[in-house]
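Engineer: According to our numbering, the sequence shown is numbered sequentially starting from 8.
Note that the Cβ used here is the ideal one computed from N, Cα and C, for glycine as well.
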Amino acid sequence: MTFRHEWDLLLGRARGGDRGALGQLLEATREDLERAASGLIGRSTRRRIALEDLVSEALTAVIREIRALRASNYRGFRFWFASIARNHLCRRMRREEREPRAGLGDDDILCEDSPAFWSGEELDHLRLAL
Numbered sequence: 008m009t010f011r012h013e014w015d016l017l018l019g020r021a022r023g024g025d026r027g028a029l030g031q032l033l034e035a036t037r038e039d040l041e042r043a044a045s046g047l048i049g050r051s052t053r054r055r056i057a058l059e060d061l062v063s064e065a066l067t068a069v070i071r072e073i074r075a076l077r078a079s080n081y082r083g084f085r086f087w088f089a090s091i092a093r094n095h096l097c098r099r100m101r102r103e104e105r106e107p108r109a110g111l112g113d114d115d116i117l118c119e120d121s122p123a124f125w126s127g128e129e130l131d132h133l134r135l136a137l
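In structure tokens, the structure reads:
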């Protein structure tokens with residue numbers, strides 16, 4: 008059995024309300040989810056916003072909203088997590104700045120765009136999964 012298959016099984020149980028399965032899923036996938044969140048933050052933003060804070064905020068939202076998730080596989084879950092993290096990052100940046108976006112560096116996230124770490128093929132798979 009592959010990790011992804013095991014993660015898919017845990018996800019199914021977590022979506023059904025099994026808090027133990029959700030805890031196992033988040034523990035087993037933490038590094039992967041951190042990499043997903045890390046791909047959202049540019050170097051200059053990383054100096055202002057700690058990756059750990061972003062991941063914690065997103066994980067809190069995942070725990071609260073897991074039953075609303077429609078995806079039934081880990082790939083869809085990861086995309087959902089990255090979307091939550093991106094939304095938290097955008098809200099936080101807006102709160103902190105309250106001024107035009109001109110001050111951001113070129114490597115910072117643009118909140119209006121999709122996460123850059125998803126290829127066209129991955130997005131196609133995600134659309135099918137959702």
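1) Do you know how far the Cα of residue 90 is from the Cα of residue 57?
2) Comparing C-alpha positions only, which one of 78, 77, 83 and 48 sits nearest to residue 95?
3) Below 8 angstroms on the Cβ atoms is my guess for residue 65 versus residue 44; work out the distance and round it to an integer in Å.
4) Cα separation between residue 53 and residue 11?
5) To the nearest angstrom, report how far apart residue 27 and residue 35 are at their CA atoms.
6) Do you know offhand how far residue 55's Cα is from residue 39's?
7) If I measure Cβ to Cβ from residue 81 and keep anything under 8 angstroms in the same chain, skipping five residues before and after, which residues do I get?
Structural biologist: Per the coordinate set shown:
1) Counting from 1 along the sequence shown, the entry for residue 57 is found at position 50. Counting from 1 along the sequence shown, the entry for residue 90 is found at position 83. Cα to Cα, residue 57 sits roughly 17 angstroms from residue 90.
2) For the purposes of this step, residue 95 is taken as residue 88 along the sequence shown, with counting starting at 1. It is 48.
3) Walking along the sequence shown from the start, residue 65 turns up at place 58. Walking along the sequence shown from the start, residue 44 turns up at place 37. Sure, about 6 angstroms apart at Cβ, within 8 angstroms.
4) Here residue 53 is taken as the residue at index 46 of the sequence shown, counted from 1. Here residue 11 is taken as the residue at index 4 of the sequence shown, counted from 1. Their Cα atoms are separated by approximately 29 angstroms.
5) Taking the first residue of the sequence shown as 1, we reach residue 27 at position 20. Taking the first residue of the sequence shown as 1, we reach residue 35 at position 28. Taking the straight line joining both Cα atoms gives about 12 angstroms.
6) Here residue 55 is taken as the residue at index 48 of the sequence shown, counted from 1. Here residue 39 is taken as the residue at index 32 of the sequence shown, counted from 1. Going by the C-alpha atoms only, they are around 22 angstroms apart.
7) Numbered from 1 along the sequence shown, position 74 holds the residue referred to as residue 81. Excluding positions up to five away in sequence, the list reads 11, 14, 15, 18 and 36.
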